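First up is the structure itself, then whatever we jot down about it.
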Amino acid sequence: MKRVIQASALIVAMLVGTQGLLSQDAGGKFEPAEVPEALSAKLEELTEDELTFLLGEDALSFAERHDILFARLANKTPQGIAAYVRAMMRVRDLSKFNPETDMAVIPLNTEAGGFNRWRLPRPAEFDTPRDPGPININRYFGSGPKLGIPTFLNMPIAITPQDLVAGEVEVAIMGVPLDTGTGYRGAGYGPRAVRTGNVYKGNSPVQPPHMHTMISPNNELTIVDYGDIAVDGLSLERSIRHIRKMVREVATAGAIPMIVGGDHSLMYPDVAGVVDVFGKGKVGVVHFDAHYDAGRGQSHLLSHGQPVHRLFQEDLVPGPNFIQVGLRGYWPGKSGFEWMREHGLRYHTMAEIEKDGWDQVMKRVMKEVLEGPEYIFISFDIDVLDPAYAPGTGTPEPGGLTTREVFPIVRRLCAEKNIVGFELVEVNPLVDPGYTTAQNADRVLRECLTGIAMRKRGITEPHYLSPLTIDHGHD
62 MKRVIQASAL IVAMLVGTQG LLSQDAGGKF EPAEVPEALS AKLEELTEDE
112 LTFLLGEDAL SFAERHDILF ARLANKTPQG IAAYVRAMMR VRDLSKFNPE
162 TDMAVIPLNT EAGGFNRWRL PRPAEFDTPR DPGPININRY FGSGPKLGIP
212 TFLNMPIAIT PQDLVAGEVE VAIMGVPLDT GTGYRGAGYG PRAVRTGNVY
262 KGNSPVQPPH MHTMISPNNE LTIVDYGDIA VDGLSLERSI RHIRKMVREV
312 ATAGAIPMIV GGDHSLMYPD VAGVVDVFGK GKVGVVHFDA HYDAGRGQSH
362 LLSHGQPVHR LFQEDLVPGP NFIQVGLRGY WPGKSGFEWM REHGLRYHTM
412 AEIEKDGWDQ VMKRVMKEVL EGPEYIFISF DIDVLDPAYA PGTGTPEPGG
462 LTTREVFPIV RRLCAEKNIV GFELVEVNPL VDPGYTTAQN ADRVLRECLT
512 GIAMRKRGIT EPHYLSPLTI DHGHD
């Protein structure tokens with residue numbers, strides 16, 4: 062039987078004049094809601110449960126703050142308010158998992174003869190016998206970007222861990238064409254676009270150096286294209302274990318895994334694969350992104366907006382080991398930033414950059430990184446760049462970093478820290494009006510490789526310039 066609360070007016074009166082249920086305090090408790098006097102008289106139609114819901118945490122899934130919700134109710138009748146509150150409660154209840162009607166597990170056809178064929182390595186017996194080691198698939202000694210079979214940076218290919226070991230490979234670049242972790246498909250074509258994004262650099266065995274540093278990563282490092290890693294095109298959940306295994310395989314062989322995606326769900330298996338080798342809590346993550354990607358509470362445990370939270374939840378990377386750069390736009394909200402602060406994650410928003418300037422923020426980032434763990438994994442979401450520089454991405458966010466800001470910090474990080482993994486994700490050529498995004502993505506990889514080559518040469522000064530480029534003959 063519906064019971065109208067006789068004491069509801071008293072309850073509301075007690076709440077009038079107090080602070081609203083606007084936010085959580087450090088202990089996770091909500092402060093009392095402030096109910097406007099004009100509204101309090103209209104709440105007498107509510108039952109005790111309905112009033113508790115309206116003034117409680119669950120109601121904030123319908124509005125960011127209670128004062129916003131109260132404003133929606135201000136012009137309604139008491140009956141209209143009661144109907145609105147009951148509708149919210151109905152939505153809440155129907156949104157929850159129902160074991161009688163919902164599947165907690167999505168069944169697969171385990172009788173399928175090709176159940177695991179998507180991730181089955183091709184038997185060596187099927188091919189011409191060869192000794193382990195990288196393979197150069199270019200027919201000509203020096204060819205331009207219009208000629209030959211595309212590989213990352215026109216590098217030789219390797220397909221097995223034995224190839225990596227035999228070739229003493231230092232960096233293995235591999236594509237992961239995954240885009241089932243995002244609602245906007247197309248990032249699965251990112252690896253192919255980045256391979257062909259090199260529109261003018263050729264395949265000469267002697268590569269010209271980076272002008273700022275006079276270091277050529279192609280000449281200093283042994284780099285290979287490790288091919289693409291298999292994904293189940295219908296299942297993110299089935300794909301991530303295999304991706305993690307393959308990243309671990311590269312790191313175990315002594316090479317730096319450089320992953321080109323694919324959507325940002327990849328951060329979870331990519332970082333996890335590296336952590337499997339170097340140990341929990343020993344790897345720091347520098348995360349360039351417009352979004353914080355620590356979403357939680359969704360029905361799927363992983364998507365391109367949740368990898369940070371999953372890594373943290375599984376104790377693979379502690380909160381203080383996360384440093385985020387470039388956050389902007391409309392996500393996360395207040396609760397997201399509160400969660401990050403509570404768990405020790407550090408972040409540098411575009412608002413901070415606009416206020417203090419890029420040079421000052423870059424110094425803060427570098428200081429945090431240099432004082433952090435020995436091993437660093439860089440996660441670079443191409444949407445950290447302003448869409449003017451990277452329009453080909455599924456979640457473009459105006460007001461981002463420029464290439465002039467991004468290239469130096471990527472190069473510095475890779476020169477001054479021990480990089481054990483790098484990923485470049487969210488390149489979506491299907492929404493790229495030109496080759497701008499792929500070309501800039503190619504350059505991001507080259508900046509990191511230049512930094513790794515500098516570190517190998519013992520050049521780690523923050524603003525290192527070649528003597529050839531210091532004196533321009535100008536005051």
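Residue numbering for the sequence shown follows our numbering, beginning at 62 and increasing consecutively. Even for Gly, the Cβ is constructed at its ideal location relative to N, Cα and C. Source: prediction; values computed, not measured.
Skipping 5 residues on each side, what residues in its chain have a beta carbon closer than 8 Å to that of residue i?
i      : result
Thr212 : Ile198, Ile218, Arg256 and Asp286
Pro222 : Glu310, Val311, Thr313 and Ala314
His232 : As written in the sequence, residue 232 is Val, which differs from the His given in the question. So the qualifying residues of the chain are Leu282, Thr283, Ile284, Val285, Ala316, Ile317, Met319, Leu510 and Ile513.
Val426 : Val347, Ile384, Val386, His409 and Ile470
Lys137 : Lys103 and Tyr145
Leu474 : Val347, Met427, Val430, Ile437, Ile439, Ile480, Cys509 and Gly512
Identify every residue that forms a DSSP beta bridge with residue i.
i      : result
Val486 : Asp442
His273 : In the DSSP output, where bridge partners are listed per residue, His273 has none listed.
Leu181 : None, per the DSSP bridge assignment.
Leu462 : Leu446
Asp417 : None, per the DSSP bridge assignment.
Asn479 : Tyr436
Ile218 : Ile196 and Asp286
List the endpoints of the continuous beta strand (DSSP E) containing residue i.
i      : result
Pro318 : Ile317 to Gly322
Phe349 : Val344 to Phe349
Leu388 : Phe383 to Leu388
Thr410 : Arg407 to Thr410
Ala314 : From DSSP, Ala314 is part of no beta strand (DSSP E); its letter is neither H nor E.
Tyr287 : Ile284 to Asp289
Val255 : Careful: Val255 lies outside any beta strand (DSSP E), inside the alpha helix (DSSP H) at Gly251 to Arg256.
Compare the Cα-Cα distances from residue i to each of the options and report the closest residue.
i      : options                           : result
Ile384 : Gly405, Gln374 and Gly366         : Gly405
Glu415 : Gly453, Glu111 and Gly460         : Gly460
Val488 : Pro278, Thr521, Phe441 and Gln140 : Phe441
Val378 : Tyr250, Tyr329 and Arg253         : Tyr329
Pro168 : Glu298, Gly236, Arg246 and Pro193 : Glu298
Gly228 : Leu115, Asp417 and Met216         : Met216
Phe438 : Leu208, Leu134 and Gly334         : Gly334
Phe194 : Phe187, Arg183, Pro206 and Leu225 : A small correction: the amino acid at residue 194 is Gly; Phe does not occupy that position in the sequence shown. The option with the nearest alpha carbon to Gly194 is Leu225.
Gly342 : Asp331, Gly358, Leu372 and Arg357 : Leu372
Gly387 : Pro393, Asp417 and Leu446         : Leu446
Gly519 : Pro381, Leu134 and Thr274         : Thr274
Leu295 : Asp376, Ala135 and Thr241         : Thr241
Asp188 : Leu208, Ile220, Ala173 and Phe483 : Ile220
Glu482 : Phe398, Glu172 and Val308         : Per the sequence shown, the amino acid found at residue 482 is Gly instead of Glu. Checked all of Phe398, Glu172 and Val308; the closest Cα to Gly482 is Val308.
Gln374 : Ser396, Tyr391 and Trp400         : Trp400
Glu466 : Asp420, Val152 and Leu134         : Asp420
Thr464 : Ala499, Asn479 and Glu477         : Ala499
Val332 : Val292, Asp376, Asp293 and Lys207 : Asp376
Leu100 : Arg407, Thr108 and Pro139         : Pro139
Gly397 : Gly174, Glu172 and His370         : His370
Met235 : Phe114, Pro184, Val505 and Asp289 : Asp289
Arg516 : Glu118, Asn479, Leu506 and Val505 : Asn479
Leu327 : Asn170, Lys306, Glu161 and Arg200 : Lys306
Arg126 : Ala94, Asp293 and Leu107          : Ala94
Along the chain, where does the alpha helix (DSSP H) that runs through residue i open and close?
i      : result
Ala333 : Met328 to Phe339
Arg516 : Thr497 to Lys517
Ile129 : His127 to Leu134
Val492 : Careful: Val492 lies outside any alpha helix (DSSP H) and carries neither H nor E.
Gly233 : For clarity, residue 233 is Ala in the given sequence; the question names Gly instead. It is not in any alpha helix (DSSP H) - Ala233 instead sits in the beta strand (DSSP E) that spans Val232 to Val237.
Phe158 : First-last for Phe158: undefined, no H or E at that position.
Lys395 : Lys395 to Glu403
Leu115 : Glu109 to Leu115
Ala99  : Glu98 to Ser101
Arg191 : Segment: none, Arg191 is in no alpha helix (DSSP H) and carries neither H nor E.
Glu281 : Pro278 to Glu281
Gln374 : Pro368 to Gln374
Can you find the residues in the same chain that come closer than 7 Å, C-beta to C-beta, to residue i, ignoring five residues on each side of it along the sequence?
i      : result
Glu508 : Phe468, Val471 and Arg472
Ala502 : Val255, Gly258, Ile443, Leu485 and Val488
Val422 : His409, Glu413 and Ile414
Gly366 : His352, Asp354 and Gly356
Leu130 : Ala120, Phe123 and Ala124
Asp536 : Only weak support exists for where Asp536 lies, its pLDDT of 49 falling under 50; the value from the coordinates is given anyway. Here the set comprises nothing.
Leaving out five residues on either side along the sequence, give the residues of the same chain with a beta carbon under 6 Å from the beta carbon of residue i.
i      : result
His271 : Thr511
Pro381 : Gly405
Pro393 : Tyr353
Val336 : Val344 and Leu377
Glu477 : Thr521
Thr243 : Asp324, His365 and Gly455
Practice task
Inspect the CB distances between the stretch 347-366 and the stretch 302-314 and report whether three or more fall short of 8 Å.
Solution key: no
Handout entry: the stretch 170-189 in contact with the stretch 147-155 per 3-pair CB rule at 8 Å
Key = no
Practice task
Give a yes or no on contact between the stretch 443-461 and the stretch 489-507, applying the rule of three or more CB pairs nearer than 8 Å.
Solution key: Touching, per the Cβ criterion.
Handout entry: Cβ contact check for the stretch 349-365 and the stretch 425-438: 3 or more pairs under 8 Å
Key = no
Practice task
Tell me, please, whether the stretch 357-370 touches the stretch 266-280 by the rule of three or more beta-carbon pairs shorter than 8 Å.
Solution key: The answer is no - the stretch 266-280 does not touch the stretch 357-370, with fewer than three Cβ pairs under 8 Å.
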